[in-house]
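Chemist: Going down the list, the sequences are from chains A and B. Note that this note's numbering has the first sequence beginning at 1, numbered continuously upward. Note that this note's numbering has the second sequence beginning at 1001, numbered continuously upward. Beta carbons are placed, not taken as given, at the ideal position from N, Cα and C, and that holds for glycine. My questions will all concern the structure given below.
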Amino acid sequence: MRILGISAFYHDSAAALIEDGRIVAAAQEERFTRVKHDARFPAHAIAYCLEEAGCTLGEVDHVAFYEKPLIKFERLLETYLASVPSGFRSFQMAIPVWIKEKLFQKSNLRKALRGLPGGAAWNGDLLFTEHHQSHAASAFYASPYESAAVLTMDGVGEWCTTSIGHGEGNRLALKRELHFPHSLGLLYSAFTYYTGFRVNSGEYKVMGLAPYGEPRFVDTILDRLIDLREDGSFWLDQRYFNYTTGLTMTGDAFANLFGGPPRKPEAPLTQREMDLAASVQKVTEIVVGRLAAAAARETGERRLCLAGGVALNCVANGKLLREGPFDDIWIQPAAGDAGGALGAALAVWHQFLGQPRMPLGDRRDGMQGAYLGPAFEQAEIEERLAAGGAVFETRSEAEVTEAAADALAEGKAVGWMQGRMEFGPRALGGRSILGDPRSPSMQKTLNLKVKYRESFRPFAPSVLREDVADWFDLDTDSPYMLLVAGIAPGRCRGMTEEEDALFGIDKLNVPRSEIPAVTHVDHSARVQTVHRDTNPRYWNLIDAFKRKTGCPVLVNTSFNVRGEPIVCTPEDAFRCFMGTGIELLVIGNCILHKDKQDPALLKSYEDAFELD
Amino acid sequence: MELMGEIWRYVRVRKKFWLVPVLLMLLVFGGLIVLTQGSPVAPFIYSLF
């Protein structure tokens, strides 16, 4: 039996296909349309999923949508009614969208599905799961656990913003919920807006900025903005926020509380923004810790599954793992709304149809390393590259690996496109830009010449699973780059008094460990453990780098520039290669050197995408 | 008509009968707003719908 899951019409639309409970394919629409956070009906992602499964839509039994539109509409109406007349401008803008389109989502979805190739024959059910049910299902059913506590946290779905659930076998029940407008995700987004970053994509930047600051606003946040209780439940004082009825996230009271208006996007960052970031990060960690403790008490479980946008806060995740109460946690790699597509499909299979979970066998979890997107055969790669005018050499897999490892050891930035594309926001060695973590200048080079992004942003390390404990303060699997851990004390460099006294962004240029390019200013790193069974090519590359340098770690950043969706096809990868400072590109068994390419194909990529 | 059926089922299941007059009013005023609107989403920093 085949079930197609869809998330769409809000942000990050995606499709996922499961076959008798096994995840066959999952991908975000933005990767195909090249429009970041594309929210349109995911026609391309669905077409890909069907192609991967070798079937047509007519052969799909159920289609599941990741949330219930009418309950969302109910939330909007009740919110506007509760705040009349102050929300009229927002009401005036939101309601037409619903009257014109969103109220008709069921028939529009059906129409869009029937409009797909082979869709006319589709006569299956169109089902709707709740938003947080989708998140919870994506976390629990794809996890390796037979039973676990489940915690979902995000901005908002229908009403729910946070839920605690319990999964056992194929049963999953959400036991407690917090409702809009009281939302940890929206609190974080409010600070994202206030510190001058784009809501729904700049949250990572706030998290990355936090270690530069001092959490001097924690008490202000806890005293004035959020009424946090012992069990993790909380209440946000809406006098400071504007998102329920206004067009911005925060209002004048918020600005008065924190001493000034929001930072303008792209304006210089000051110590105040860094301190605000540090403060909201700290508060987030406190709330997540209390919610997790409540989940442990309520379920009696020792293992936890996480999903929802807040679960992408890997600093909070790392702290939760270190400080307990859970022995182990598993985080859905597509924890944001894109993962809702997968969760909706899994919820239909296990909850609606009552099907049992499949034994894991020797698999780590149900996600297959998150490599659930398109792959390209060698012949197809060569054909596509040749058609694009690329100059390339084809070598054996072992030679390609050696050549890439050599280039990395020489300090070059290497584009690495192998196998299936990742599902979720992280590049995990399928569509990555790689570098040498030992180089003190690599972070700056990658940020400014390759990624064209803010210089303060940290990079993450990929490390062989076998060596993780030797280099980081971590000895568990972190295959999805969703845990932050310290650099192993023996690998850290002692700081001089002068260096220790530096403030804010001045901390950036001080090497802090043997792998400075992936060591953040607080000596932490967002670790990806690389496993031989899920990505043997990437494992072999890091192993080759280790043989040459003694270092089993690489810098791994997503294969894109700021504002661009991660590359999907060989053409996307070649375009990005030609527009950035990447010096060597490896796709399958093809090697491309920048200095051998036709100069006419070089073009500036820096302004090609709207900044995120 | 499919939408009307859905809304009726929703109102029954969620016991939100008090929303019925609001929904009816919306159809009238919303229709007017639709007729006088351009692109509605752009000004939102974060649209919660």
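Would you call the CB atoms of A/F616 and A/A409 closer than 9 Å?
Modeler: No answer is possible for residue 616 of chain A: it lies beyond the span of chain A, which begins at 1 and ends at 612.
Chemist: Quick check on A/A608: does DSSP put it in helix, strand or coil?
Modeler: In this structure, A/A608 counts as coil in the three-state DSSP scheme.
Chemist: List the residues of chain A that B/K1016 touches, going by C-beta distances under 8 Å, in chain order.
Modeler: E74, listed in chain order.
Chemist: Can you tell which of A/L554, A/A338, A/G504 has its C-alpha closest to the C-alpha of A/R272?
Modeler: Closest by alpha carbon: A/G504.
Chemist: Which residues in the same chain as A/T248 place their Cβ atom closer than 6 Å to its Cβ, once the five residues preceding and following it in sequence are excluded?
Modeler: If we look at A/T248 and ignore the five residues flanking it on each side, its Cβ neighbours are N242.
Chemist: Please list, in chain order, all residues of the same chain as A/E266 whose beta carbon is under 8 Å from its beta carbon, the five residues on each side excluded.
Modeler: Counting only Cβ-Cβ distances below 8 Å, and skipping sequence neighbours, we find G196, L611.
Chemist: Determine, using beta carbons only, whether A/G5 and A/A136 come nearer to each other than 9 Å.
Modeler: No, Cβ-Cβ distance for A/G5 and A/A136 is not below 9 Å.
Chemist: Can you grab the Cα-Cα spacing for the pair A/F326 / A/K282, in whole Å?
Modeler: Rounded to whole angstroms, A/F326 to A/K282 spans 20 Å at the Cα level.
Chemist: Can you name the residues of chain A whose CB is closer than 8 Å to the CB of B/V1020?
Modeler: Within 8 Å Cβ-Cβ: nothing; B/V1020 doesn't reach chain A, min ~11 Å.
Chemist: Give me the Cα-Cα distance between A/L209 and A/R395, rounded to the nearest whole angstrom.
Modeler: The straight-line gap from Cα to Cα measures roughly 42 Å.
Chemist: With a threshold of 16 other CB atoms inside 10 Å of the CB of A/P425, please say whether the residue is buried or exposed.
Modeler: A/P425 is buried by the Cβ-count criterion.
Chemist: Going by beta carbon distance, what residues of the same chain come within less than 6 Å of A/T79, once the five residues before and after it are set aside?
Modeler: Cβ within range, chain order: T244.
Chemist: Report yes if the CB atom of A/A53 is closer than 9 Å to the CB atom of A/A26, and no otherwise.
Modeler: Against a cut-off of 9 Å, the Cβ pair of A/A26 and A/A53 comes out as no contact.
Chemist: From A/L178 to A/G429, what does the alpha carbon distance come to, in whole angstroms?
Modeler: Approximately 37 Å, taken between the alpha carbons.
Chemist: Using a C-beta cutoff of 9 Å, does A/L103 count as contacting chain B?
Modeler: Yes, its Cβ sits closer than 9 Å to a Cβ of chain B.
Chemist: Here's a check: name, in chain order, each residue in its chain whose Cβ is nearer than 7 Å to the Cβ of A/A94, leaving out the five neighbours to either side.
Modeler: If we look at A/A94 and ignore the five residues flanking it on each side, its Cβ neighbours are L76.
Chemist: Can A/D237 and A/L225 be called in contact, C-beta distance under 9 Å?
Modeler: For A/D237 and A/L225, yes; Cβs fall inside 9 Å.
Chemist: Going by alpha carbons, who is nearest to A/K613 out of A/L434, A/Y240, A/G213?
Modeler: This structure gives no information on residue 613 of chain A, because the portion of chain A shown stretches from 1 to 612.
Chemist: Is the beta carbon of A/L346 closer than 9 Å to that of A/Y10?
Modeler: Cβ atoms of A/Y10 and A/L346: not closer than 9 Å.
Chemist: So, at 7 Å on beta carbons, what are the nonlocal neighbours of B/A1042 in its own chain, with the 5 sequence-adjacent residues on each side left out?
Modeler: Residue confidence is low: B/A1042 scores 49 on pLDDT, short of 50, so the model does not pin down where it sits. Its coordinate-derived value is still stated next. Once the five neighbours on either side are set aside, B/A1042 has no close Cβ partner at all.
Chemist: Since A/I3 and A/D61 are thought to touch, with beta carbons under 8 Å apart, how far apart are those beta carbons, to the nearest angstrom?
Modeler: At roughly 6 Å, the Cβ-Cβ gap stays under 8 Å, so A/I3 and A/D61 are in contact.
Chemist: Per the DSSP calculation, A/T394 is bridged to which residue(s)?
Modeler: According to DSSP, A/T394 bridges with A/C590.
Chemist: Once DSSP output is grouped into helix, strand and coil, what is the label at A/S7?
Modeler: In the structure shown, A/S7 sits in a strand (DSSP, three-state: E or B).
Chemist: Assuming A/Q368 contacts A/G588 (C-beta within less than 8 Å), just tell me the rounded distance between them.
Modeler: At roughly 19 Å, the Cβ-Cβ gap does not stay under 8 Å, so A/Q368 and A/G588 are not in contact.
Chemist: Helix, strand or coil: how does DSSP classify B/K1015 here?
Modeler: Coil, per DSSP.
Chemist: Quick check on DSSP: helix, strand or coil for A/D572?
Modeler: In this structure, A/D572 counts as helix in the three-state DSSP scheme.
Chemist: Would you identify the three-state DSSP class for A/N560, choosing helix, strand or coil?
Modeler: Coil, per DSSP.
Chemist: In chain order, what residues of the same chain have a beta carbon less than 8 Å from the beta carbon of A/G185, not counting five sequence neighbours either side?
Modeler: The residues are M153, D154, G155, V156, T161, G308, G309, V310.
Chemist: Return the residues of the segment 42 to 76 of chain A that lie within a Cβ-Cβ distance of less than 9 Å from chain B, sorted by chain order.
Modeler: So the list reads K68, L70, I71, K72, F73, E74, R75, L76, given in the order they occur along the chain.
Chemist: Given a threshold of 16 other Cβ atoms within 10 Å of its Cβ, counted over all protein chains shown, does B/G1005 qualify as buried or as exposed?
Modeler: The residue is exposed, with fewer than 16 neighbouring Cβ atoms inside 10 Å.
Chemist: Would you identify the three-state DSSP class for A/I515, choosing helix, strand or coil?
Modeler: Coil, per DSSP.
Chemist: Kindly indicate the opening and closing residues of the beta strand (DSSP E) around A/Y235.
Modeler: Looking at the sequence shown, residue 235 of chain A is not Tyr but Trp. Unbroken beta strand (DSSP E) run through A/W235: 234 to 236.
Chemist: What does A/K106 touch in chain B if you count any residue whose Cβ is under 9 Å from its own?
Modeler: Those within 9 Å of A/K106 in chain B are E1002, L1003, E1006.
Chemist: So, do the segment 513 to 525 of chain A and the segment 548 to 560 of chain A have three or more beta carbon pairs nearer to each other than 8 Å?
Modeler: The segment 513 to 525 of chain A vs the segment 548 to 560 of chain A: in contact.
Chemist: Please state whether DSSP places B/R1009 in a helix, a strand or coil.
Modeler: Correct three-state label for B/R1009: helix.
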